[in-house]
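Just so we're on the same page, our numbering is the position in the sequence shown counted from 1, plus 199.
Glycine residues also receive a C-beta, built at the ideal position from the N, C-alpha and C atoms.
The model shown is predicted, which means the values in this text are computed figures rather than measured ones.
Report on the following structure.
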Amino acid sequence: MARSCNFDRQEKLIAAMELFWQKGYADTSVADLVEHLKINRFSLYNSFGDKLSLYREALGYYFDNHAMPNLSPLLAEEAGLDEIVTYLEAFIVKQSTQPFGCFLQNAVLEKYLSDEVVQGICARLFDELHQTFERVLGAAQQRGELVASAQSAQLASFLVMQMQGIRVLGKARQQPRIAQAREVLLSYLHSLKSNTPVI
């Protein structure tokens with residue numbers, strides 16, 4: 200029978216998430232986790248299982264509490280092209296404040312091919328991004344905010360791809376290139392605005 204822990208489990212999970220985010224899975228040892236979480240090995244295994252189980256749970260926590268809440272402005276029924284532009288501008292600014300990049304994208308590069316659970320979590324992010332963009336773009340098109348020639352599904356895939364590229368540039372500290380990419384991306388989105396909104 201497992202003993203109950205005498206610490207805040209979520210607090211330790213967040214600490215583990217931050218450590219994995221900073222160092223990656225391979226470079227984070229159990230000893231590192233014990234030191235960073237300030238709990239002993241028995242408590243670590245008793246509360247979270249092995250290192251891989253903790254990594255998976257930390258990645259899931261990041262998805263639920265960091266990645267998904269960022270999408271909330273696009274979930275409003277009235278969200279349209281302007282809200283996508285605002286979302287992307289905030290996303291681009293954020294890349295200069297995340298020195299370790301995106302935890303989920305780091306996981307794609309390190310563990311995606313070797314772990315089905317990691318694959319599932321990362322695929323959910325890309326699916327959520329694509330579906331949200333496609334829905335908002337489709338609604339904007341129906342309202343006449345987006346040119347009729349735009350293909351919402353293809354455009355959604357394009358935006359997801361742009362975000363991943365910008366994340367990589369952010370982690371590589373390529374701010375001038377990010378600034379250039381921002382100008383091109385926003386100019387392109389502006390060119391898709393329709394001048395004949397549906398009344």
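Alpha-carbon to alpha-carbon, Lys392 and Arg334
Answer to the nearest angstrom: the Cα atoms are 16 Å apart.
Sorted by chain position, which residues of the same chain lie with C-beta nearer than 7 Å to Ser351's C-beta, five sequence neighbours on each side aside?
Closer than 7 Å at the Cβ level, and outside the excluded window around Ser351, lie Glu333, Leu336, Gly337, Gln340.
If you draw a straight line from the C-alpha of Val292 to the C-alpha of Val229, how long is it?
It is roughly 34 Å from the alpha-carbon of Val292 to the alpha-carbon of Val229.
Where do the ends of the alpha helix (DSSP H) carrying Ile213 lie?
Ile213 -> alpha helix (DSSP H) spans 208–222.
If you compare alpha carbons, which of Ala225, Arg366, Asp207, Arg381 is closest to Gly300?
Among Ala225, Arg366, Asp207, Arg381, the Cα nearest to that of Gly300 belongs to Arg366.
Integer-rounded CB distance, given that Met216 should sit under 8 Å from Phe290
20 Å between Cβ atoms; not a contact.
Could you pull the start and end residues of the alpha helix (DSSP H) that Thr227 belongs to?
Per DSSP, Thr227 is not a residue of any alpha helix (DSSP H), being assigned neither H nor E.
C-alpha gap between Ser386 and Gln379, whole angstroms
Straight-line Cα distance between these residues: approximately 11 Å.
Cβ pair count under 8 Å reaching 3, the region 267–275 against the region 243–258
Contact between the region 267–275 and the region 243–258 is absent, because fewer than three Cβ pairs lie under 8 Å.
Would you kindly work out how many angstroms separate the C-alpha atoms of Ala275 and Lys222, rounded to a whole number?
C-alpha separation (whole angstroms): 36 Å.
Using three-state DSSP, classify Lys392 as helix, strand or coil.
Strand at Lys392.
Based on Cα-Cα distance, which residue from Gln304, Arg240, Arg376 lies nearest to His265?
Comparing alpha-carbon positions, the option among Gln304, Arg240, Arg376 lying closest to His265 turns out to be Gln304.
Could you check if Ala322 is buried or exposed, using at least 16 other CB atoms within 10 Å of its CB as the buried criterion?
Ala322 is exposed by the Cβ-count criterion.
Considering just the uninterrupted stretch of the alpha helix (DSSP H) at Tyr244, what are its terminal residues?
240–247 is the extent of the alpha helix (DSSP H) around Tyr244.
Please classify Leu312: does DSSP put it in a helix, a strand, or coil?
Residue state for Leu312 is assigned as coil, using DSSP reduced to three classes.
With C-beta atoms as the reference, is Glu327 less than 7 Å away from Gly279?
No; because the gap between Cβ atoms is not below 7 Å, this pair is not in contact.
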